[in-house]
Each structure stands twice: as C-alpha cells, then as structure tokens.
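Residue numbers (our numbering): 911 to 1029. Contents: one structure, followed by commentary.
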C-alpha cells in the first residue's frame, strides 16, 4: 500500500470507516508540547490518539485490535510528527489485521497549511 498524501487525507477526513490514528505523545496530540518547528499545534480533526509506545507493547493481534477499537480489515491511517513513528505503527497495525497506511508528511506538513483544519 502507498503512503497517504495531504491532499488525499484532507479530502477523506469525514469519510465513514476511515480511522485516523495519531501516534504522537499526549502533549503533541493536545498541542501543549508540540515541536517548535511547527507553526500550529494540536491534531488533525477526528484523529484518535494512541501513543506509539502503547501500541508497540501490544503482545497479540487481539490486543492491537482492542487498543485501536476497530474490526480487522478496517482502513487505518497513522501519523506522527514526521512520519517515522507512524511508519512503525503501520507495521504493528498490519499485524493486527488492519489495512494500514502511513501519512508520511504527518503533522510537520499538515501544520504548515493554514487552509487545513486543526483541533
């Protein structure tokens, strides 16, 4: 599967069945402790928060699915600050049976476009 682009993700934000997963820290997700290089802080609207460290501790596909809270086969797009943590998350999500893709541009890219919504 290919990575998700900003254009694709922006067009699909309200799509039923698409799960957007923010794997950054709680501070990054809430916007209280984001990277200083990002002009805006927060998260992409509709994103669920599941820190990568928690996801990486899952010891079975069932536990991965319990953490994500979606049925096997669901499409999950993971993002972080710059696409590295979310790339690791995609590998774990696939073990859980998800059709997982990485948003490589992640928050670093999203936060720079003032036309895109943030929460």
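Quick reminder that beta carbons are idealized off the backbone N, C-alpha and C, glycines included.
With a cutoff of 8 Å on beta-carbon distance, residue 928 and residue 1002 are scored as not near each other. Of the candidates 1028, 1004 and 913, the residue whose Cα lies closest to the Cα of residue 966 is 1004. The bridge partners DSSP lists for residue 959 are 932. The alpha carbon of residue 981 has as its nearest neighbour, out of 1010, 941, 922 and 956, the alpha carbon of 1010.
Here the segment 924-940 lies against the segment 950-963, with 3 or more beta-carbon pairs under 8 Å apart. Apart from the 5 residues on each side of it in sequence, residue 943 sits with its Cβ closer than 6 Å to the Cβ of 937 in its chain, given in chain order. Restricting attention to 933, 913, 949 and 945, the CA atom closest to the CA of residue 1021 is found in 949. Assignment of residue 980 by DSSP, reduced to helix, strand and coil, places it in the coil class. Taking a 10 Å sphere around the C-beta of residue 990, we find 16 or more other C-beta atoms and assign the residue as buried. From the listed residues 998, 913 and 1006, the smallest Cα separation to residue 979 is found for 1006.
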